[in-house]
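K.L.:
Just dropping this structure here.
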Amino acid sequence: MMEEAFDVVVVGSCMTDLVSQTPRLPKAGETIHGHKFFIGFGGKGANQCIQAARLGVKTTMICKVGKDFFGDAYIQNFKDNNVSTDFVWQTSDAATGAASITVNDAGENAIVIVAGANMLLGGDELQKALPAIRKAKVLVCQLEINPQTSLQALQMARDNKVKTVFNPAPAIPDLDYNFYKVSDVFCCNESEAELLTGFSVNNVEGAHRASQELLSRGCGAVILTLGPQGCVVLKAQEKTSTHVPSTAVAAVDTTGAGDSFIGALAFYLAVHPTMTLEEMAGRANQVASVSVQTSGTQTSFPFRQDLPAKLF
Ligand SMILES: Nc1ncnc2c1ncn2[C@@H]1O[C@H](COP(=O)(O)OP(=O)(O)OP(=O)(O)O)[C@@H](O)[C@H]1O
Ligand SMILES: *[C@@H]1O[C@H](CO)[C@@H](O)[C@H](O)[C@H]1NC(C)=O
Ligand SMILES: *[C@@H]1O[C@H](CO)[C@@H](O)[C@H](O)[C@H]1NC(C)=O
């Protein structure tokens, strides 16, 4: 039988966000009443995969959820978004990843994340998904699963000449240098770049310096996102990075903007492999800028039909 080929493969996390809005954050031992509760689909891996799918490429997610209510709901969410679930595993050994989030009226939050089943994705599952990884155009990883699993997935992609995008989020200090060596595009935000390099990155100048440092560690290119300022792009063999500005918009909710950007970047790498990285970054800025103009994470990610035709 002919194996199905996917353009974008994401190896990463699924999280259920349980969000309570309250007048203030509770103290230890205290019970307070909130005024709103909602459940949202999140996890950086799933977010990025769903954004790529909404732009119109064939995607599959390689991940693990619990054999529980939230795991079942997450699988349905992938189906609703045209993401293949061939490599979504369910385990009875841990619960689906969850983030309990309390947000007060001042916008401050207190968050408990239990990665759960995400941490049980390992080499066995990657081996089972190898036929899909081999045929992919682009493989994307982050750090919300076991870092060794991410590194192994990136290495498998590299061995099969599949383009790799690595988003070192959430950042860990002393990141293994092998992550840089297996990344065609290393894409992070300001705080992650600061943690990884020790440089302060609060303007375009700082981003130039940090991207040079990250590139020197062995990746093919660096993209450092800068919120309303867009991003800087630095490719191997280049001395200075290029600032690719975004048209700043009034942000309603920036949650997931970075994931929208990376999902869009994976889309362009898969569909327009010969386009310059600066052009892809400029278009990804435009996709992500739409995502900040409505609330929610995946709920704010645009579909192809919501975007100008010139982006495709
Ligand atoms: N106010 C804004 N106006 C226009 N574009 C924006 C704005 N905020 C974010 N973006 C777009 O989103 C991209 C990613 O934003 P940012 O650098 O804040 O990522 P992040 O910090 O990972 O996001 P998150 O809020 O999800 O943690 C930017 O490169 C830019 O393209
Ligand atoms: C999923 O794909 C089908 C067939 O290609 C299409 O009709 C549908 O609009 C897509 N749905 C989403 C949510 O993208
Ligand atoms: C960068 O992304 C992390 C999530 O990985 C987030 O916690 C942090 O606030 C972001 N930093 C900026 C400057 O947006």
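Count the sequence shown with UniProt numbering and you get residues 1 to 312, in order. For every residue, glycine included, the Cβ atom is placed at its ideal position computed from N, Cα and C.
Within the same chain, show all residues whose beta-carbon is closer than 6 Å to that of Ile62, passing over the 5 residues directly before and after it, in chain order.
P.N.:
Working through the sequence shown from its first residue, we reach residue 62 at position 62. The answer, listed in chain order, is Val11, Phe87 and Ala129.
K.L.:
Answer yes or no: the CB of Pro307 versus the heavy atoms of ligand 1, is any distance below 7 Å?
P.N.:
By 1-based counting over the sequence shown, the position of residue 307 is 307. Per the sequence shown, the amino acid found at residue 307 is Leu instead of Pro. Incorrect: Leu307 has no Cβ contact closer than 7 Å to ligand 1.
K.L.:
Between Leu311 and Ala207, what straight-line distance do the alpha-carbon atoms span, to the nearest angstrom?
P.N.:
Sequence index remark: in the sequence shown, residue 311 carries index 311 (1-based). Sequence index remark: in the sequence shown, residue 207 carries index 207 (1-based). One C-alpha to the other measures close to 26 Å.
K.L.:
Only counting the same chain, and skipping five residues up and downstream in sequence, which positions put a Cβ closer than 6 Å to that of Gly42?
P.N.:
Position 42 of the sequence shown, counting from 1, holds the residue named residue 42. Taken in chain order, the residues that qualify are Met15, Asp17 and Thr297.
K.L.:
In terms of alpha-carbon separation, which member of Gly56, Thr299, Gln305 and Thr242 lies closest to Phe38?
P.N.:
As a position in the sequence shown, residue 38 is number 38, starting the count at 1. Nearest option by C-alpha distance: Thr299.
K.L.:
According to DSSP, which residues form a beta bridge with Cys14?
P.N.:
Walking along the sequence shown from the start, residue 14 turns up at place 14. Answer by DSSP bridge pairing: none, since Cys14 is not bridged.
K.L.:
On the DSSP bridge list, what partners appear for Thr225?
P.N.:
Here residue 225 refers to the residue found at position 225 of the sequence shown. According to DSSP, which records beta bridges pairwise, Thr225 is partnered with Asn189 and Cys231.
K.L.:
Taking any heavy atom of ligand 3 as the mark, which residues have a C-beta closer than 5 Å to it, listed down the chain?
P.N.:
Any residue whose Cβ sits closer than 5 Å to a heavy atom of ligand 3 makes the list: Ala169, Pro170, Asn189, Glu190 and Ser191.
K.L.:
For ligand 1, any of its heavy atoms closer than 7 Å to the Cβ of Cys141?
P.N.:
Indexing the sequence shown from 1 puts residue 141 at position 141. No; taking the cut-off as 7 Å, the Cβ of Cys141 has no heavy atom of ligand 1 nearer than that.
K.L.:
What's the C-alpha gap between Thr96 and Lys163?
P.N.:
Taking the first residue of the sequence shown as position 1, residue 96 is located at position 96. Taking the first residue of the sequence shown as position 1, residue 163 is located at position 163. Spanning the two alpha carbons is a distance of roughly 29 Å.
K.L.:
Counting along the chain, where does the beta strand (DSSP E) carrying Gln90 start and finish?
P.N.:
By 1-based counting over the sequence shown, the position of residue 90 is 90. Unbroken beta strand (DSSP E) run through Gln90: Val88 to Thr91.
K.L.:
Sorted by chain position, which residues of the same chain lie with C-beta nearer than 6 Å to Ser20's C-beta, five sequence neighbours on each side aside?
P.N.:
The residue you call residue 20 lines up with position 20 of the sequence shown. Gly34, Phe37 and Thr102.
K.L.:
Report yes if the C-beta of Phe261 is less than 7 Å from at least one heavy atom of ligand 1; otherwise report no.
P.N.:
Position 261 of the sequence shown holds residue 261. Yes, since a heavy atom of ligand 1 falls inside the 7 Å radius drawn around the Cβ of Phe261.
K.L.:
Reducing DSSP to helix, strand and coil, say where Val290 ends up.
P.N.:
Sequence index remark: in the sequence shown, residue 290 carries index 290 (1-based). Three-state result, Val290: helix.
K.L.:
Where do the ends of the alpha helix (DSSP H) carrying His208 lie?
P.N.:
What you label residue 208 is simply residue 208 of the sequence shown in a count that begins at 1. First-last of the alpha helix (DSSP H) with His208: Val204 to Ser216.
K.L.:
Quick one: residues in its chain with C-beta nearer than 7 Å to the C-beta of Ala106, no 5 flanking neighbours on either side, listed in chain order?
P.N.:
In the sequence shown, the residue the question calls residue 106 occupies position 106. Taken in chain order, the list of residues that qualify is empty.
K.L.:
Are there any heavy atoms of ligand 1 lying less than 7 Å away from the beta-carbon of Gly227, as far as the coordinates show?
P.N.:
One-based indexing of the sequence shown puts residue 227 at position 227. It does: the Cβ of Gly227 is within 7 Å (strictly closer) of some heavy atom of ligand 1.
K.L.:
Alpha carbon to alpha carbon, how far is Cys219 from Asp253?
P.N.:
For the purposes of this step, residue 219 is taken as the residue at position 219 of the sequence shown. For the purposes of this step, residue 253 is taken as the residue at position 253 of the sequence shown. In a straight line, the C-alpha of Cys219 is about 31 Å away from that of Asp253.
K.L.:
For Gln170, count neighbouring Cβ atoms within 10 angstroms of its own Cβ and tell me buried if that reaches 16, exposed if not.
P.N.:
Translated into the one-based positions of the sequence shown, residue 170 becomes position 170. Residue identity check: residue 170 is Pro in the sequence provided, not Gln. Exposed, since its Cβ has fewer than 16 Cβ neighbours within 10 Å.
K.L.:
Does the separation of the CB atoms of Ala136 and Gly66 fall below 8 Å?
P.N.:
Indexing the sequence shown from 1 puts residue 136 at position 136. Indexing the sequence shown from 1 puts residue 66 at position 66. Taking 8 Å as the Cβ cut-off, Ala136 and Gly66 do not qualify as a contacting pair.
K.L.:
My parser needs the beta strand (DSSP E) runs of 3 or more residues fully inside the stretch 128 to 156; what are they?
P.N.:
Here the runs fully enclosed are 138 to 141.
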